[in-house]
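Structure first, commentary second.
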Amino acid sequence: MTNAVEIRGLRKSFSDLEVLKGIDLDVAEGEAVVLLGSSGSGKSTLLRCINFMEEPTAGQIRLNGDLIGTEQGGRMRYHEADLCKLRTRIGMVFQHFNLFPHMTVLENVMEGQTIVLGRSKAEAKDKAMTQLLRVGLEMKAEEYPARLSGGQKQRVAIARALAMDPEVMLFDEVTSALDPELVGEVLKTMLQLAEDGMTMVCVTHEIGFAYHVANKVCFLHDGLILEQGAPQFVLQTPETQRVRDFLAGHSLFKLPN
Amino acid sequence: MDYNWDFASVFVYWNVLAMGLWATFKLFIICSTLGLGGGLFMGMLRYSKTRWISYPAMLYVEVFRNTPVLVQIIWFFFALPVVTGIEVSPMMAAVLGITLNTIAFSAEVFRGGIQSIEREQWEAGKAIGMSYAQSMRRVILPQALKRMLPPLTSRGIEVFKMSTLASVVAYPETLQQAKLIASYEYNPIEAYTVVALMFFIVLLPLVQLTYMLERRFGKSDA
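From first to last, the protein sequence lines stand for chains A and B. Take the first sequence: its letters are residues 61 to 317, numbered as in this note's numbering. Take the second sequence: its letters are residues 858 to 1079, numbered as in this note's numbering.
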């Protein structure tokens, strides 16, 4: 079976600074993978390389078997038009929601469908309402984002990504900018998605979420994957001191008895 | 100080002033339309990532932003014919000076407006598969135009007043006509006071209109 995402030898440098130093990662279809690590470990950069928000310096990425870019003289070349097409197949949700403030909730969720995918207004509206219902915000369809709470904004952002019928969803610290009491509603939406069988890659600091929802946890350190495996193993019996230190530092981490 | 105010000596020339006001309006409409429209275009060039496009645009903007409009008008009227051999009418000189200056100004407003939109908005567009042009048209420009509206409308008002500079090359707009009246009747204080009042009466409702526009378009934003 082909993996939804297959990453081989991924490297990324920003001028002199090498942030990713050779990442191999497989994400099976329907799998939820959580990337952990302290800030600067490269986990967000890794996530952003998957949909080419950042262009990798070296290495290969496959989406459901399709190699992204073309190999030319030992290097990968990317054409912007191909990358745009690729990004329609991958949903992304950001830390700061990034909703379009000049559009209503409904228009936000319809925009990519009509402008990028060329769906008809009626079809786009239909799909948008389905996804808004899924995140529990169908009654906010006509509101502008400014009128929503942070948790609601983030759920709209999730609906906007889902409306494109993505093969994979990427979550980039989506609860980090939220008031603590609003974190739960967003995590619940993500849990629901995982249970529905959506393939997901999440960068998060919510270790409880990683434990309960992830099929696989990857711990990144200094641009490399230091440990990866089922959450019970990585989170409860880590092999390296680095991961033990990281987990000890997270007071939120409570083990079930 | 007792000065005998004699406004009657101005008002008998009402038709001269009316002709002047009409000429002022002509300058205003031509210069603001070409200036603001050309400014959006110049702003795009200025914002371009290609250097051989953005550098000449930058040079243009700096030349016209950092020299007085009055001097530009004089220069276009007297020096341009010498340099190019093309006859330049007073109207043409005034239009060139005010328009080219307004293009430079609004190009900067345009560029600033686009740059003021957070990087995250570009990313959101990109993440749902939008091309650069699609993001610009659907996400960035609608938000940027809203922010650009106040400086652009106040520039429009500025252009209206700037039209009086055309009097330096004797284009018969409102101020020039008042100068004429003053030279016949020796009543410059009254003549220029009337010019000020005329501008005030025309511009006050126009400014109210721009406030309304700004309120209307500023609605949905946070």
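No residue lacks a Cβ here, since even glycine has one placed at the ideal position from N, Cα and C.
Outcome for residue i when other beta-carbon atoms lying within 10 angstroms are tallied against a minimum of 16
i: I943 of chain B; result: exposed
i: M250 of chain A; result: buried
i: L916 of chain B; result: exposed
i: F1057 of chain B; result: exposed
i: D232 of chain A; result: buried
i: R1072 of chain B; result: exposed
i: N923 of chain B; result: exposed
i: E171 of chain A; result: buried
i: Q252 of chain A; result: exposed
i: L893 of chain B; result: buried
i: S963 of chain B; result: buried
i: Y860 of chain B; result: exposed
i: S1044 of chain B; result: Residue 1044 of chain B is actually Asn in this sequence, not Ser. The residue is buried, with at least 16 neighbouring Cβ atoms inside 10 Å.
i: Y1068 of chain B; result: exposed
i: R215 of chain A; result: buried
i: T907 of chain B; result: exposed
i: L197 of chain A; result: buried
i: V1016 of chain B; result: buried
i: S101 of chain A; result: buried
i: N872 of chain B; result: exposed
i: R304 of chain A; result: exposed
i: V153 of chain A; result: buried
Per DSSP, cross-strand counterpart(s) of residue i
i: F293 of chain A; result: Paired residue(s): none; F293 of chain A is not in a bridge.
i: C109 of chain A; result: Paired residue(s): none; C109 of chain A is not in a bridge.
i: F130 of chain A; result: Residue 130 of chain A is actually Thr in this sequence, not Phe. In the DSSP output, where bridge partners are listed per residue, T130 of chain A has A:R137.
i: S73 of chain A; result: A:E78
i: V93 of chain A; result: A:V261, A:K276
i: L284 of chain A; result: A:H281
i: M152 of chain A; result: A:L230
i: I121 of chain A; result: A:I67
i: D86 of chain A; result: A:E66
C-beta neighbour in chain B for residue i, strict 7 Å
i: I322 of chain A; result: With chain A represented from 61 up to 317, any question about residue 322 of chain A goes unanswered, as that position is not in the structure.
i: M152 of chain A; result: yes
i: N158 of chain A; result: yes
i: H162 of chain A; result: yes
i: T148 of chain A; result: yes
i: L253 of chain A; result: no
i: C278 of chain A; result: no
i: C262 of chain A; result: no
i: F313 of chain A; result: Bear in mind that the predicted position of F313 of chain A carries a pLDDT of just 49, short of 50, making it too unreliable to give a figure here.
i: D142 of chain A; result: no
Neighbour list for residue i in chain B, Cβ cutoff strictly below 9 Å
i: N124 of chain A; result: Near N124 of chain A there are no residues of chain B at all, since even the closest Cβ is about 16 Å away, more than 9 Å.
i: F231 of chain A; result: Under the 9 Å cutoff, chain B gives no residues; its nearest Cβ is about 12 Å from F231 of chain A.
Closer than 7 Å to chain A by CB, residue i
i: E977 of chain B; result: yes
i: G877 of chain B; result: no
i: G986 of chain B; result: yes
i: A981 of chain B; result: yes
i: A1079 of chain B; result: Its pLDDT being 45, under 50, A1079 of chain B is placed unreliably in this model, and the coordinates cannot settle the point.
Chain-ordered neighbours of residue i on chain A, where CB pairs are closer than 9 Å
i: I1071 of chain B; result: Per the sequence shown, the amino acid found at residue 1071 of chain B is Glu instead of Ile. Ordered by position in chain A, no residue passes the 9 Å Cβ test against E1071 of chain B, which lies about 15 Å from the chain.
Interface residues of chain B facing residue i [CB-CB closer than 8 Å]
i: M224 of chain A; result: I985, G986
i: K72 of chain A; result: Ordered by position in chain B, no residue passes the 8 Å Cβ test against K72 of chain A, which lies about 17 Å from the chain.
i: K145 of chain A; result: G986
i: R220 of chain A; result: I985
Minimum Cβ-Cβ distance from residue i to chain D less than 7 Å
i: L1070 of chain B; result: Going by chain labels, chain D is absent from the structure shown, which instead holds the protein chains A and B.
TODO: Check distances from the C-beta atoms of the segment 983-1007 of chain B to those of chain A and list, in chain order, the residues that come in under 8 Å.
DONE: Within the segment 983-1007 of chain B, K983, A984, I985, G986, M987, S988, Y989, Q991, R995, V996, P999, Q1000, K1003 place their CB atoms closer than 8 Å to a CB of chain A, listed in sequence order.
Task: the segment 1012-1030 of chain B: positions lying closer than 9 Å to chain A by Cβ - done: none
Task: Members of the segment 99-117 of chain A that neighbour chain B once the beta carbon cut-off is set at 8 Å - done: N111, M113
Task: Contacting positions in the segment 170-199 of chain A - beta carbon closer than 8 Å to chain B - done: Correct list: E171, G172, I175, V176, L177.
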